[in-house]
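Asker: What follows is a structure written as structure tokens; I'll ask about it next.
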Amino acid sequence: MNDAVRFPSLSELRERRSAKWTQYDAGVLPMPVAEMDCLLAEPIAQTLIDAVRRGDTGYPPMDGVPSHAFAEFAADTWGWAPDSRRCVLSSDVSVAGIAALRTLVPDGSAVAISSPVYPPFFAWPGRAGMTLVDVPLLGADRGYALDLAGLERAFADGVRGYVLCHPHNPVGRLVPEDELAALADLAQRYDVLVVADEIHAPLTLPGQEFTPYLTVSEAARATGVALHSPSKAWNLAGLKAAFLVYEDPRFDEPLAGQRHTLPWNAGHFGALAAVPAYRESREWLAALRGHLADNHALLRRELAHRLPGASCPVAQAGYLAWIDVQACGYGPDPAGRILEVGRLALGIGSTFGPSGAGHVRMNIGCHPDLIPEAVDRMVAASA
Ligand SMILES: Cc1ncc(COP(=O)(O)O)c(C=O)c1O
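Residue 848 in the working numbering is what sits at position 96 of the sequence shown, and the numbering runs on without skipping anything.
Put into structure tokens, the structure is as follows:
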């Protein structure tokens, strides 16, 4: 393992007061909540320590520096140069996504998502005053591709917004450029806003390529907004900073109010930390991505040897593993049984949508030693 990325011991982790480490009792190994176990990249830690020492705990900066840092990172990483004035600082991706729907989609419209998917997406349309339509992804046997024909039917039936999860949580898939371009063409034809949640993009695994939605075509730029944040890749979720990114000047006017209010709701520490994350913590990120690829491979080997009924798609990005455990004899509530008998907490598959039944989601943003330990616990619960 590359020691640029360091992990506290399990007993030190249990002293953390974050959601992951306070929801279960001490005998449970927690692997559901999407936060990582590693220590912060040094430039980020130092920035935060310095801010605390200065008593620099006011509102976030309005100088646009965090947005600049994101735009530079996007240019250097993906060859995408969004105008930093259109990278609007926000508290988090969810707030930014709901704000985009509320502002750019007509009131009361239907908004589509594609399950299985990050569970809070099911609530986003309702929180924007809209109704939800689920157009599930094609199945595991078809690589969890977007159901473009199903989306076209939904768009033709009046859906006016689509929340794209890319890279995908939970299956870890990267949508190929031609599929994104086909989605953009449909969105343009049917006047649909695509909200591309790209929060996991910096965690694209080595050898894989992420294509930002707003780079695929004029149709994508005319129909899309993207959501970014350093919170997943550099483990800063509690600090509250994200970006609502768009390119089409036609969105300037409807988004004028949000451009003013969203930044004031961001966390000052999140905004401060974004700058050393995007600018000075890229080598750390490269080491982390290598580590995550190793962890994904280790989990697949462990499952193949010790729990052969389980299967998971090969992730292309992120630190989440989507595991089909239907053949493991856990009964109707696999995550419940694994928690009760194996003392391992995993994401509950059915909360990701109907096809998630019989699945669990494991967060492998951890020290590699915890992966065989987690599989031990899964095996114990399957007996
Ligand atoms: C796809 C996706 N979007 C959004 C979030 C949450 O982001 P935020 O805390 O910025 O709202 C997560 C967290 O796991 C996620 O996986």
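Positions of the beta carbon are idealized from the N, C-alpha and C atoms, including for glycine.
1) With a threshold of 16 other CB atoms inside 10 Å of the CB of residue 1041, please say whether the residue is buried or exposed.
2) Is residue 844 a contact residue of ligand 1, with contact defined as CB to any heavy atom under 6 Å?
3) Considering only the alpha carbon of each residue, which of 793, 924 and 782 lies closest to residue 759?
4) Suppose you measure from the CA of residue 1137 to the CA of residue 911; what does that come to, to the nearest Å?
5) From residue 1104 to residue 996, what does the alpha carbon distance come to, in whole angstroms?
6) Which one of 1070, 1084, 1062 and 1066 has the shortest CA to CA distance from residue 1130?
7) With a threshold of 7 Å on Cβ separation, who are the neighbours of residue 1078 within its own chain once the five nearest residues in sequence on each side are excluded?
8) Identify the continuous alpha helix (DSSP H) that holds residue 840 and give its terminal residues.
9) What runs of the alpha helix (DSSP H), each 4 residues or longer, lie entirely inside the stretch 998 to 1042?
10) Flag this pair as yes or no: are the beta carbons of residue 1068 and residue 960 separated by less than 7 Å?
11) Looking at ligand 1, does it come within less than 6 Å of residue 740, judged from the CB to the closest heavy atom?
12) Alpha carbon to alpha carbon, what distance is there between residue 807 and residue 924?
13) Is it true that the CB of residue 1116 sits closer than 7 Å to the CB of residue 1051?
14) Is there contact here, the stretch 1024 to 1041 with the stretch 977 to 986, by at least three beta-carbon pairs under 8 Å?
15) Can you check whether the CB of residue 850 is closer than 7 Å to the CB of residue 876?
16) If you draw a straight line from the alpha carbon of residue 813 to that of residue 891, how long is it in whole angstroms?
17) With DSSP as the reference, label residue 756 as helix, strand or coil.
18) If you measure from the CB of residue 1123, is any heavy atom of ligand 1 nearer than 6 Å?
19) Quick check on DSSP: helix, strand or coil for residue 1082?
20) I'd like to confirm the pairing. Which residues does DSSP put opposite residue 1063 in its beta bridges?
21) Which residue's Cα is closest to the Cα of residue 818: 1087, 1133, 958 and 1023?
Answerer: The structure says:
1) To locate residue 1041, count along the sequence shown from 1; it is residue 289. Buried: at least 16 other Cβ atoms inside 10 Å.
2) Translated into the one-based positions of the sequence shown, residue 844 becomes position 92. It does: the Cβ of residue 844 is within 6 Å (strictly closer) of some heavy atom of ligand 1.
3) If you number the sequence shown from 1, residue 759 lands on position 7. Minimum Cα distance to residue 759 is reached at 793.
4) The requested residue 1137 is not part of the displayed model; the chain covers only 753 to 1135.
5) What you label residue 1104 is simply residue 352 of the sequence shown in a count that begins at 1. What you label residue 996 is simply residue 244 of the sequence shown in a count that begins at 1. Distance between the alpha carbons of residue 1104 and residue 996: 24 Å.
6) Residue mapping note: residue 1130 aligns to position 378 of the sequence shown, counting from 1. The option with the nearest alpha carbon to residue 1130 is 1062.
7) Walking along the sequence shown from the start, residue 1078 turns up at place 326. Within the same chain, 1110 come within 7 Å of residue 1078 by CB-CB distance, once the 5 residues on both sides are set aside.
8) Locating residue 840 in the sequence shown gives position 88, where the first residue counts as 1. Not the alpha helix (DSSP H): residue 840 falls in the beta strand (DSSP E), residues 839 to 842.
9) Fully enclosed alpha helix (DSSP H) runs of 4 or longer: 1008 to 1017 and 1020 to 1032.
10) For the purposes of this step, residue 1068 is taken as the residue at position 316 of the sequence shown. For the purposes of this step, residue 960 is taken as the residue at position 208 of the sequence shown. The answer is yes: Cβ separation under 7 Å.
11) There is no way to answer for residue 740, as the model of the chain reaches only from 753 to 1135.
12) To locate residue 924, count along the sequence shown from 1; it is residue 172. To locate residue 807, count along the sequence shown from 1; it is residue 55. In this structure, the straight-line span from the alpha carbon of residue 924 to that of residue 807 is close to 40 Å.
13) Looking up residue 1051 in the sequence shown gives position 299. Looking up residue 1116 in the sequence shown gives position 364. It is a contact, given that the beta carbons lie within the stated cut-off.
14) The way I'd put it, the stretch 1024 to 1041 does touch the stretch 977 to 986; three or more beta-carbon pairs between them come closer than 8 Å.
15) Mapped onto the sequence shown, residue 876 falls at position 124. Mapped onto the sequence shown, residue 850 falls at position 98. Yes, these two residues count as a Cβ contact at 7 Å.
16) Position 61 of the sequence shown, counted from the first residue, corresponds to residue 813. Position 139 of the sequence shown, counted from the first residue, corresponds to residue 891. Straight-line Cα distance between these residues: approximately 44 Å.
17) Translated into the one-based positions of the sequence shown, residue 756 becomes position 4. DSSP places residue 756 in coil when its eight states are reduced to three.
18) Locating residue 1123 in the sequence shown gives position 371, counting from the first residue. Closer than 6 Å to some heavy atom of ligand 1: that does not describe the Cβ of residue 1123.
19) Here residue 1082 corresponds to residue number 330 of the sequence shown, with the count starting at 1. Assignment of residue 1082 by DSSP, reduced to helix, strand and coil, places it in the coil class.
20) Position 311 of the sequence shown, counting from 1, holds the residue named residue 1063. In the DSSP assignment, residue 1063 is bridged to 1076.
21) The residue labelled residue 818 in the question sits at position 66 within the sequence shown. Of all alpha-carbon atoms in 1087, 1133, 958 and 1023, the one lying nearest the alpha-carbon of residue 818 is that of 1023.
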